[in-house]
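Let me begin by presenting the structure, written as C-alpha cells, before commenting on it.
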Amino acid sequence: MNEKHFHRKEAVALSYDSSKDSAPKVIAKGKGDVAANILEKAKKFNIPIQEDPTLIELLGQLEINETIPEELYQAVAEIFAFIYRIDKSLKNDKI
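Quick note: the sequence shown uses the numbering used here, first residue 3, plus one each step.
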C-alpha cells in the first residue's frame, strides 16, 4: 500500500507600524483554504511572501493581534529586511 502524506498549507500575516507598535504583530493566520486566501490577498496587493516552515509553525501559535515574542525578533527582523530590500529594488526599477 502506497501511503501519501499531504502537507497542509499554513500562512501567517504580520504587520508592523513603528509609530504605533512596539513589535510586529500577527494580523491573520490560517491553514488550508484560509492560508490560500491569505496568500492570494498578499499576491494581489504585491505584499512579499517569505516561506519559512519553522517560523510559520512558531508564529502560528500566536493569537491574532498578538505581538511577536522577543525570541522571534531576530528571525522576523531578517524577513522585514528582506522585504525592505525587495521594496527598494522595485522602487529603483520604476525610476
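Virtual Cβ for every residue (Gly too), placed ideally from N, Cα, C.
Across the structure, residue 19 and residue 26 are spaced so that their CA atoms are roughly 8 Å apart. Excluding its 5 nearest sequence neighbours in each direction, residue 50 has C-beta neighbours in its own chain below 6 Å: 85 and 88, listed in chain order. For residue 12, the secondary structure class from DSSP, reduced to helix, strand or coil, is strand. By the neighbour-count criterion, in which 16 or more other beta carbons inside 10 Å mark a residue as buried, residue 15 falls on the buried side. In the structure shown, the three-state DSSP call for residue 91 is helix. Counting only the Cα atoms, residue 46 lies some 26 Å from residue 63. A straight line joining the alpha-carbon of residue 11 with that of residue 76 spans about 24 Å. For residue 40, the enclosing alpha helix (DSSP H) starts and ends at 35-46. Counting the other CB atoms within 10 Å of its CB gives residue 40 a total of 16 or more, which places it among the buried residues.
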